[in-house]
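Here's the structure we're looking at; comments come further down.
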C-alpha cells in the first residue's frame with residue numbers, strides 16, 4: 006500500500022510540472038502528498054557574491070519562494086481532493102531529502118529534474134544514493 | 629507584501645483558553661465575521677475544516693497557518709495564541725500555540741499565495757514566535773510583526 010508520496014518542490018517552475026504528474030498518481034493510489042522544499046544554504050552562499058546581497062537576505066528570499074511554490078502545489082492538490090501537507094527545511098538538499106524520506110516514512114519519492122535556483126542538485130548522484138540507502142521507488146519527473 | 633497590512637487588533641486573540649483544534653478555528657472564524665471579512669463564521673469554519681481534512685496546516689515549530697480562499701470581502705489575517713499547546717496534527721508532531729488564519733477573496737489567488745508565503749517565512753524566526761507567544765495585548769503582536777518586517781527590510785538594504 007502506498008500511503009505517502011514525498012514530492013520534492015524545488016522552488017522553481019518545474020515544481021508545478023512535477024505536481025501535475027504526481028497529483029493524479031496520489032489520487033489513484035489514495036496517497037497523501039508531502040510537499041517538501043529545501044532552502045539550499047549553499048545557494049545563498051554562492052549567490053551573495055554574484056548578487057551583492059547578504060546571505061540572510063538571500064535565505065529570506067529563498068524561504069519565501071519555497072513557501073510560494075509549496076502553497077501553489079497545495080492549491081493544485083486541493084483542487085483534485087488529494088490530501089497534502091507541507092514542509093520546508095533549511096540545509097543541503099540531498100541530505101535533507103534523504104532525512105525527510107525516512108522521517109515521514111514516504112513510500113515513493115518524486116523529484117523534479119531541475120533543482121533549486123542557481124545550484125542544480127546533482128539528481129543523478131542523489132538517485133544513486135537513494136537507491137543504495139532507501140528501499141523505495143524514486144520518480145524523476 | 630507586509631503581513632502587518634492584513635492584521636488589525638480586532639483579529640488578534642491572546643491567551644485563548646481552548647481545548648481543541650476545532651475551538652481554535654471557531655474562535656478565529658468568529659473574529660473574521662466580527663470584523664466583516666466574511667458574512668458567516670459558520671460557513672467559513674466549515675470550509676476551513678474541510679481544508680484541514682486534506683492535511684494539517686500545522687507547519688511545525690508550534691505554528692499553524694490555516695487558510696482558505698472563499699467569498700470574502702477582503703484579504704485578512706487573524707492571529708490566535710493559545711494558553712496551552714493544542715494538538716493540531718502538525719507535520720513535526722509537536723502541538724501548536726500560534727495560529728494564523730489567512731482568508732482571501734477567491735479572485736485574489738496570486739496575492740493569497742504570496743501572503744501565505746510571507747507569513748510562513750516570517751514566522752520561521754524563533755525570535756518573532758517567542759515575542760508573539762509572550763505578547764500581553766494585540767497592539768504588541770502587531771508591533772512585533774512590524775519590527776520583524778522592518779528588520780527583514782533593513783537586512784535587504
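Protein chains in written order, with the numbering used here: chain A, 6 to 146; chain B, 629 to 785.
Beta carbons are placed, not taken as given, at the ideal position from N, Cα and C, and that holds for glycine.
It should be emphasised that the depicted structure is a prediction, and the values quoted were computed from it without experimental measurement.
1. Just to confirm the assignment, what range does the beta strand (DSSP E) spanning residue 695/B have?
2. Within 10 angstroms of its Cβ, does residue 115/A collect 16 or more other Cβ (buried), or is it exposed?
3. Give me the Cβ distance between residue 652/B and residue 700/B, rounded to the nearest whole Å; I'm assuming they're in contact under 8 Å.
4. Look at the Cβ atom of residue 726/B, then the Cβ atom of residue 709/B, and state whether they are nearer than 7 Å.
5. Compute the Euclidean distance between the alpha carbons of residue 74/A and residue 20/A, then round it to the nearest angstrom.
6. Given that residue 746/B touches chain A, what residues does it touch there, using C-beta distances under 7 Å?
7. If we cut at 7 Å on Cβ distances, does residue 123/A have a partner in chain B?
8. State buried or exposed for residue 71/A, treating a residue as buried only when at least 16 other CB atoms are found within 10 Å of its CB.
9. Would you say residue 749/B reaches chain A, if we count a Cβ-Cβ gap shorter than 7 Å as a contact?
10. Closest Cβ-Cβ distance between residue 774/B and chain A: below 7 Å?
11. Is there a C-beta anywhere in chain A that falls below 7 Å from the one on residue 714/B?
12. Run through the segment 15–86 of chain A for me and flag every whole alpha helix (DSSP H) of 4 or more residues, listed as ranges in chain order.
13. Can you pull the chain B residues whose beta carbon is under 7 Å from the beta carbon of residue 90/A, in chain order?
14. For the segment 89–102 of chain A against the segment 31–49 of chain A, do three or more pairs of beta-carbon atoms, one drawn from each stretch, fall closer than 8 Å, so that the two count as touching?
15. What residues from chain A crowd round residue 757/B, counting only those whose CB sits closer than 7 Å?
16. Which residues share a DSSP beta bridge with residue 733/B?
17. Taking only the alpha-carbon atoms, compute the straight-line gap between residue 642/B and residue 765/B and give it to the nearest angstrom.
18. Around the Cβ of residue 64/A, are there at least 16 other Cβ atoms within 10 angstroms (buried) or fewer (exposed)?
19. How big is the Cα-Cα spacing for residue 137/A and residue 706/B?
20. Please list the partners that residue 780/B has in chain A, where partner means a Cβ-to-Cβ separation under 7 Å.
21. When you compare the CB of residue 11/A with every CB in chain B, is at least one pair closer than 7 Å?
22. Return the chain-ordered list of same chain residues with a C-beta closer than 8 Å to the C-beta of residue 146/A, the five sequence neighbours on each side being excluded.
In brief:
1. On the second chain, residue 695/B is found 67 positions in, with the first residue counted as 1. Here the beta strand (DSSP E) through residue 695/B covers 695–698.
2. Taking the first chain and counting its residues from 1, the one referred to as residue 115/A is at position 110. With 16 or more other Cβ atoms within 10 Å, it is buried.
3. To locate residue 652/B, count along the second chain from 1; it is residue 24. To locate residue 700/B, count along the second chain from 1; it is residue 72. In this structure, residue 652/B and residue 700/B do not form a Cβ contact; the two beta carbons are roughly 19 Å apart against a cut-off of 8 Å.
4. The sequence position of residue 726/B within the second chain is 98, counting from 1. The sequence position of residue 709/B within the second chain is 81, counting from 1. Yes. Within cutoff.
5. As a working mapping, residue 74/A is identified with position 69 in the first chain. As a working mapping, residue 20/A is identified with position 15 in the first chain. Their backbone Cα atoms lie some 7 Å apart in a straight line.
6. Stepping through the second chain from its first residue, residue 746/B is reached at position 118. Under a criterion of Cβ atoms nearer than 7 Å, the residues of chain A adjacent to residue 746/B are, in order, 69.
7. Taking the first chain and counting its residues from 1, one reaches residue 123/A at position 118. Annotation note: pLDDT 45 at residue 123/A (below 50); position unreliable, coordinate value reported separately. No, its Cβ sits nowhere closer than 7 Å to a Cβ of chain B.
8. Sequence index remark: in the first chain, residue 71/A carries index 66 (1-based). So residue 71/A counts as buried.
9. The residue labelled residue 749/B in the question sits at position 121 within the second chain. Residue-level contact by beta carbon holds for residue 749/B and chain A, with a gap shorter than 7 Å.
10. Residue numbering aside, residue 774/B sits at position 146 when the second chain is read from its first letter. No, its Cβ sits nowhere closer than 7 Å to a Cβ of chain A.
11. As a working mapping, residue 714/B is identified with position 86 in the second chain. Chain A contact via Cβ: absent.
12. The segment 15–86 of chain A contains these whole alpha helix (DSSP H) runs: 19–34, 46–56, 60–84.
13. Locating residue 90/A in the first chain gives position 85, counting from the first residue. Result: 683, 684, 719.
14. Yes, they touch.
15. As a working note, residue 757/B is residue 129 in the second chain. Within chain A, no residue comes near residue 757/B; the closest Cβ sits about 14 Å away, beyond 7 Å.
16. Residue 733/B sits at position 105 when you count from the first residue of the second chain. Answer by DSSP bridge pairing, in chain order: 698/B.
17. Residue 642/B sits at position 14 when you count from the first residue of the second chain. Residue 765/B sits at position 137 when you count from the first residue of the second chain. Inter-residue distance for residue 642/B and residue 765/B is about 7 Å (C-alpha atoms, whole angstroms).
18. Here residue 64/A refers to the residue found at position 59 of the first chain. Result: buried.
19. As a first step, residue 137/A is located in the first chain; it is residue number 132 there, counting from the start. As a first step, residue 706/B is located in the second chain; it is residue number 78 there, counting from the start. Their Cα atoms are separated by approximately 46 Å.
20. Counted from its first residue, the second chain places residue 780/B at position 152. In chain order: 65.
21. Here residue 11/A corresponds to residue number 6 of the first chain, with the count starting at 1. With 7 Å as the cut-off, residue 11/A does not count as an interface residue toward chain B.
22. Position 141 of the first chain, counted from the start, is the residue given in the question as residue 146/A. A distance below 8 Å between beta-carbons, with the five flanking residues on each side excluded, links residue 146/A to the following residues of its chain, in chain order: 22, 23, 26, 27, 115, 116, 117, 118.
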